Amino acid sequence: MGLTHPRHRRRPQTEGSANPLFGREQRTVARHELPRREMDPDTAYQIVHDELMLDGNARLNLATFVSTWAEPQAERLMAECADKNMIDKDEYPQTAELEVRCTAMLARLWHAPDAHQAVGCSTTGSSEAAMLAGLALKRRWQHARRAAGKSAERPNLVMGVNVQVCWEKFAAYFEVEARYVPMDGDRYHLSAQGAAELCDENTIGVIAVLGSTFDGSYEPVADIAQALDDLQQSSGWDIPLHVDAASGGMIAPFLDPDLPWDFRLPRVASINTSGHKYGLVMPGVGWALWRDAAALPEDLIFHVDYLGGDMPTFALNFSRPGAQVIAQYYNFLRLGFDGYRRVQQTCRDVATRLAGEIAKLGPFELITDGSELPVFAVRLREDIDNFSVFDVSAALREHGWLVPAYTFPANRTDLAALRIVVRNGFGHDLADLLLDDLRRVLPRLQTQQTPHRDADNAGGFAHGAETKNPQQPGRR
Ligand SMILES: Cc1ncc(COP(=O)(O)O)c(C=O)c1O
């Protein structure tokens, strides 16, 4: 018979059929147990890829503050650097160098009195930065108390009840009493007087938020700093201020340059921001900066090898991806001050216009209008009792939009709101499409007899604006 001509050989089953890829998929895919055998990488890719189609569309996620769009060049750099571990400073000295340059740029942007004296580091996000900043406050306070021969047993941290959940975590994980200043009437964030009233000799610091996760408003950082200056005059307590500028740290410098919220205020010891929010990097990178070495106790710093020398580090993780830090440097280099200003101004323009249009629809009242963070919260008019903000959120979800609805914390638990976060990549046209859908769903909601949904069955995606956990130890 001789050799079969290649044309007449029987082809493997998958080859040439109409849809070979899906034909290769096994009857059941392992979900909770490691499969016994390997599978073809294309098949595995397709299975995972297809399952993820069930996720929401990130660009329509108006709940998150975190970047959902990046330039292709940034994405390319991130892919090129996916194998770089941030901790390997000796092996990747240029990545380490870019991190140092980013912190120097931020120190200048936030007006450190001497950018060379400021110390800082990248983190996985603002939450890790909050843990580090909180630890520095606690350790400083402990040193001062012990040096004065006083008890360092009962530290507390003062903040508005609107703080992001990371501060509640800090207090719980590191055994610090969380003292929350409640909301009051139309005041939805920390007040200077409220902060000062809760301080005592055991207060390790006060947290001011620029701007609030609940409604995008800036807390009055300068007033809070002044109140703490006055408190020092009257009591002798020298209480440092940390600014959680997770979002505002990359908005205010560009859009509100005359607002003193940063190291221009001598009371501000440290600041954090999320590079992956208005720093415009994909998740996850954050930054923590201290005004000077005195603000960051030396005994919290660890040392790693760097070019045969020594590099100080302050981090919770050991290994961590380097790609996001590189993308942050790319953004700084690519956009510069003016580029960032224009990106953030566009976000603010879209947010304020969208807020104004929503206010005109009738049923809604603005809590904020997007003129601080490009983020705003709306509530329903008080006379509307036949549908809820949770119904609006669910109705918009049917059209693909993720707009969270949630209840405010003490003393405004009566208030439920929707929040829209405008980010780079959500332009006027998408805002108009959202408005169209809102106009489309309202007539149906208005015919309801009673609300269908409340906070308990809202789906719960408030992105950190959750009501504080009353079970947490250390809560007051
Ligand atoms: C004010 C504030 N602080 C901290 C965080 C936590 O930031 P990250 O998600 O970067 O950990 C957020 C997140 O939304 C926030 O809004």
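Heads up, the final residue of the sequence shown is numbered 476 in UniProt numbering, and it's a clean run with no missing numbers. Beta carbons: idealized from backbone N, C-alpha and C, even for Gly. As the structure is a computational prediction, the values presented were derived from the model and not from experiment.
1. Using C-beta distances below 7 Å, list every residue in its chain close to Leu-98, excluding the 5 sequence neighbours before and after it, in chain order.
2. Could you give the first and the last residue of the continuous alpha helix (DSSP H) run that contains Leu-255?
3. Any contact of the region 401-413 with the region 242-249, i.e. 3+ C-beta pairs under 8 Å?
4. State yes or no: is the C-beta of Ala-246 nearer than 7 Å to some heavy atom of ligand 1?
5. Is Phe-314 a contact residue of ligand 1, with contact defined as CB to any heavy atom under 7 Å?
6. Taking 7 Å as the cut-off, is the CB of Gln-164 close to at least one heavy atom of ligand 1?
7. If I measure Cβ to Cβ from Gly-400 and keep anything under 8 Å in the same chain, skipping five residues before and after, which residues do I get?
8. Using 10 angstroms around the beta-carbon of Asn-411, count the other beta-carbons present and answer buried if the total reaches 16, otherwise exposed.
9. How would you label Ser-151, buried or exposed, when you count the other beta carbons within 10 angstroms and need 16 or more for buried?
10. Are Ala-196 and Leu-231 touching if we call contact CB-CB under 8 Å?
11. Looking at Ser-191 and ligand 1, is the gap between the Cβ and the nearest heavy atom below 7 Å?
12. Look up Trp-167 in the DSSP assignment and say whether it is helix, strand or coil.
13. Do Val-304 and Val-375 have their beta-carbon atoms positioned less than 8 Å apart in this structure?
14. Any heavy atom of ligand 1 closer than 7 Å to the Cβ of His-276?
15. Roughly how many angstroms separate the alpha carbons of Tyr-340 and Leu-255, rounded to a whole number?
16. Helix, strand or coil for Leu-135 per DSSP?
17. Between which two residues does the alpha helix (DSSP H) containing Ile-224 stretch?
18. Spatial neighbours of Thr-368 within its chain, please: CB distance less than 7 Å, with the 5 preceding and 5 following residues excluded, ordered by chain position.
19. Would you say the beta carbon of Val-158 comes nearer than 7 Å to a heavy atom of ligand 1?
20. In the structure shown, what three-state DSSP assignment does Phe-337 receive?
21. Are the region 294-304 and the region 62-77 touching by the rule of at least three beta carbon pairs closer than 8 Å?
22. Can you give the beta carbon distance from Ile-207 to Met-159, rounded, assuming they're within the 8 Å contact cut?
23. Put residue 481 into one of helix, strand or coil per three-state DSSP.
24. What residue does the beta strand (DSSP E) around Gly-279 start on, and which one ends it?
25. Rounded to the nearest angstrom, what separates Asp-456 and Ala-315 at their Cα positions?
So, to answer that:
1. Reading the sequence shown from its first residue, position 98 is the one you call residue 98. Excluding residues within five positions, the ones whose Cβ falls inside 7 Å are Val-325, Ile-326, Tyr-329.
2. Translated into the one-based positions of the sequence shown, residue 255 becomes position 255. Note, Leu-255: alpha helix (DSSP H), 252-255.
3. no
4. Numbered from its first residue, the sequence shown carries residue 246 at position 246. Yes, Cβ of Ala-246 sits closer than 7 Å to a heavy atom of ligand 1.
5. Here residue 314 refers to the residue found at position 314 of the sequence shown. The answer is no for Phe-314.
6. Sequence index remark: in the sequence shown, residue 164 carries index 164 (1-based). Yes, ligand 1 has a heavy atom inside 7 Å of this Cβ.
7. Here residue 400 is taken as the residue at index 400 of the sequence shown, counted from 1. Excluding sequence neighbours, Gly-400 sits near Gly-56, Asn-57, Leu-60.
8. On the sequence shown, residue 411 is found 411 positions in, with the first residue counted as 1. So Asn-411 counts as exposed.
9. On the sequence shown, residue 151 is found 151 positions in, with the first residue counted as 1. Per the 10 Å Cβ criterion, exposed.
10. What you label residue 196 is simply residue 196 of the sequence shown in a count that begins at 1. What you label residue 231 is simply residue 231 of the sequence shown in a count that begins at 1. Yes, they are a contact pair.
11. Residue numbering aside, residue 191 sits at position 191 when the sequence shown is read from its first letter. No, the Cβ of Ser-191 stays beyond 7 Å of every heavy atom of ligand 1.
12. For the purposes of this step, residue 167 is taken as the residue at position 167 of the sequence shown. Trp-167: helix per DSSP, three-state reduction.
13. Stepping through the sequence shown from its first residue, residue 375 is reached at position 375. Stepping through the sequence shown from its first residue, residue 304 is reached at position 304. Cβ atoms of Val-375 and Val-304: not closer than 8 Å.
14. As a first step, residue 276 must be located in the sequence shown, where it is residue number 276. Indeed, a heavy atom of ligand 1 lies less than 7 Å from the Cβ.
15. Here the question's residue 340 lines up with position 340 in the sequence shown. Here the question's residue 255 lines up with position 255 in the sequence shown. Each residue's alpha carbon lies about 9 Å from the other.
16. On the sequence shown, position 135 is the one that residue 135 refers to. Looking at Leu-135 - three-state DSSP - the assignment turns out to be helix.
17. The residue you call residue 224 lines up with position 224 of the sequence shown. Segment 221-235, the alpha helix (DSSP H) holding Ile-224.
18. One-based indexing of the sequence shown puts residue 368 at position 368. Cβ contact annotation for Thr-368 (same chain, cutoff 7 Å, sequence separation greater than five): Asp-215, Gly-216, Ser-217, Phe-376, Ala-377, in chain order.
19. Reading the sequence shown from its first residue, position 158 is the one you call residue 158. No, the beta carbon of Val-158 sits no closer than 7 Å to any heavy atom of ligand 1.
20. Within the sequence shown, residue 337 is the residue found at index 337, counting from 1. Collapsing the DSSP output to three states places Phe-337 in a helix.
21. no
22. Residue mapping note: residue 207 aligns to position 207 of the sequence shown, counting from 1. Residue mapping note: residue 159 aligns to position 159 of the sequence shown, counting from 1. Sure, about 4 Å apart at Cβ, within 8 Å.
23. This structure leaves residue 481 out entirely; the chain is present only between 1 and 476.
24. On the sequence shown, position 279 is the one that residue 279 refers to. For Gly-279, there is no enclosing beta strand (DSSP E), as DSSP marks it with neither H nor E.
25. Against the sequence shown, residue 456 aligns to sequence position 456. Against the sequence shown, residue 315 aligns to sequence position 315. Just so you know, the alpha carbons of Asp-456 and Ala-315 end up roughly 37 Å apart.
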